[in-house]
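Residue numbers (the UniProt record's numbering): 1 to 372.
Following: one structure in structure tokens, then a few remarks.
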Ligand SMILES: Nc1ncnc2c1ncn2[C@@H]1O[C@H](COP(=O)(O)OP(=O)(O)O)[C@@H](O)[C@H]1O
Ligand SMILES: [Mg+2]
């Protein structure tokens, strides 16, 4: 038995996956816990192992090492058709020669359910995805977004406990994709089952998820709510992958003092070694444009783009570092400006820190705050 709590539906313990014994592992010591009824996202670049995690949950492949639990029971060797899991694939994998109704009914017919039961379940699924009345349409007559919904109806008609969605929106254009993001999120709330959604799009992940797992090269880099991950990225990879960032090499002189490009700044970090080399991230929206003499940092404006809500301004300091600023105030290209930021805007990242160590460090800051 696993050591997990009652609300856990899926647990990975130190799961490693090799498709080929001669190649490096595709997943490396992945441990994770998914709770019932939440919307999870696996986020990472192409080839980082997202689909492999879904295939392990679905039972299309077995782990090379480690354990996978479903509702507390070891399922490493349970075949796919005995798991309460359904998958929506990127290409939808619909049957082009069957109409909408028969596509959704397909799995139920294999299970040899009675006709009235099939009819009732298919109708209900189609209603869930707003396709009531489309039963007799051919798949070829449906738009991209509608096909997407048929694929979802076909998955939820089996009443799975977990729905896996492998980049289901990547083939849609931007406007439709945004609509489907709302729809999927809403559908998950109404169904109340666990969704595991895969994307390489960080904005999509931030908009949709209760919790995100950021993956790179077969390892979970960081997990947490969208806010946690955006506000406190664990390392350079996560900071760079999630949102736009200024990431610079720096040195932690002592508690609350960090040296960036030869200047010393006040920060909120503590407990690192004196003079420890670190990476620092400052989000573009945390930089405020002020007259040069009022700035903590002086830079020259290089380029400026209007992004609808804010200006995206690229600047260079005297050491040649680029600083990206998001500002509702317009600047002038070539102008010398000051940048102001709060000590809290500096996020110090220890090199090679594990997620456990990182979490413990941040928690210790809060304890410190409470004591004051
Ligand atoms: N069936 C397979 N046999 C061998 N290698 C595979 C197989 N499936 C995936 N891989 C490799 O595993 C790595 C991770 O793939 P995948 O999980 O599909 O990543 P993602 O979905 O994040 O793009 C890639 O390098 C891919 O080439
Ligand atoms: Mg994939």
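Ideal Cβ placement from N, Cα and C applies to all residues, glycine included.
In this text the structure is predicted, and so the values were computed from the model without any measurement.
task = Output the boundary residues of the alpha helix (DSSP H) element that contains residue 142.
result = Counting along the chain, residue 142 falls outside any alpha helix (DSSP H), and DSSP gives it neither H nor E.
request  = Buried or exposed for residue 167, please, with buried defined as at least 16 other CB atoms from any protein chain shown within 10 angstroms of its CB.
outcome  = buried
inquiry  = Please classify residue 50 as buried or exposed, where buried requires at least 16 other C-beta atoms within 10 Å of its C-beta.
reply    = buried
key: Buried/exposed call for residue 350, threshold 16 Cβ in 10 Å   = Burial call: buried.
message = Is residue 170 a contact residue of ligand 1, with contact defined as CB to any heavy atom under 7 Å?
response = Not one heavy atom of ligand 1 is found less than 7 Å from the C-beta of residue 170.
ask   = Mind listing, in chain order, the residues whose beta carbon lies closer than 5 Å to a non-hydrogen atom of ligand 1?
value = Listed along the chain, these residues meet the criterion: 19, 26, 46, 47, 48, 49, 50, 51 and 52.
key: Residue range of the alpha helix (DSSP H) that includes residue 125   = Its alpha helix (DSSP H) spans residues 115–128.
query = Under the three-state reduction of DSSP, which class applies to residue 250: helix, strand or coil?
reply = strand
request  = Could you check how far apart the C-beta atoms of residue 53 and residue 161 are, in whole angstroms? I think they sit under 8 Å.
outcome  = Not a contact, Cβ separation roughly 17 Å.
request  = Could you tell me if the beta carbon of residue 198 falls within a distance shorter than 7 Å of some heavy atom in ligand 2?
outcome  = Yes, the Cβ of residue 198 comes within 7 Å of a heavy atom of ligand 2.
ask   = Can you name, in chain order, every residue of its own chain whose Cβ lies under 7 Å from the Cβ of residue 1, other than the five neighbours on each side?
value = Note that residue 1 scores 48 on pLDDT, short of 50, meaning its location in the model is unreliable and no value can be drawn from it.
query = Is there contact here, the segment 308–324 with the segment 197–204, by at least three beta-carbon pairs under 8 Å?
reply = no
request  = Apply the 10 Å Cβ neighbour rule to residue 103 and answer buried if 16 or more other Cβ atoms are within range, or exposed otherwise.
outcome  = buried
task = Starting from the Cα of residue 312, find the closest Cα among 304, 204 and 147 and give me that residue.
result = Of the residues 304, 204 and 147, the one whose Cα lies closest to the Cα of residue 312 is 304.
request  = Compute the minimum distance between the beta carbon of residue 166 and the heavy atoms of ligand 4, and state whether it is under 7 Å.
outcome  = For the structure depicted, ligand 4 is absent and the ligand set comprises only ligand 1 and ligand 2.
query = What are the boundary residues of the alpha helix (DSSP H) that includes residue 181?
reply = 174–191
inquiry  = If the criterion is Cβ atoms closer than 8 Å, does the pair residue 43 and residue 12 meet it?
reply    = Note that the C-beta distance between residue 43 and residue 12 is not below 8 Å.
inquiry  = Check this for me: beta carbons of residue 374 and residue 88, under 8 Å apart or not?
reply    = Since the first and last residues shown for the chain are 1 and 372, residue 374 lies out of range.
request  = Would you list the one or two residues that DSSP bridges to residue 278?
outcome  = 250 and 350
query = Out of curiosity, what's the CA-to-CA distance linking residue 23 and residue 97?
reply = Near 40 Å, if we compare the C-alpha coordinates of residue 97 and residue 23.
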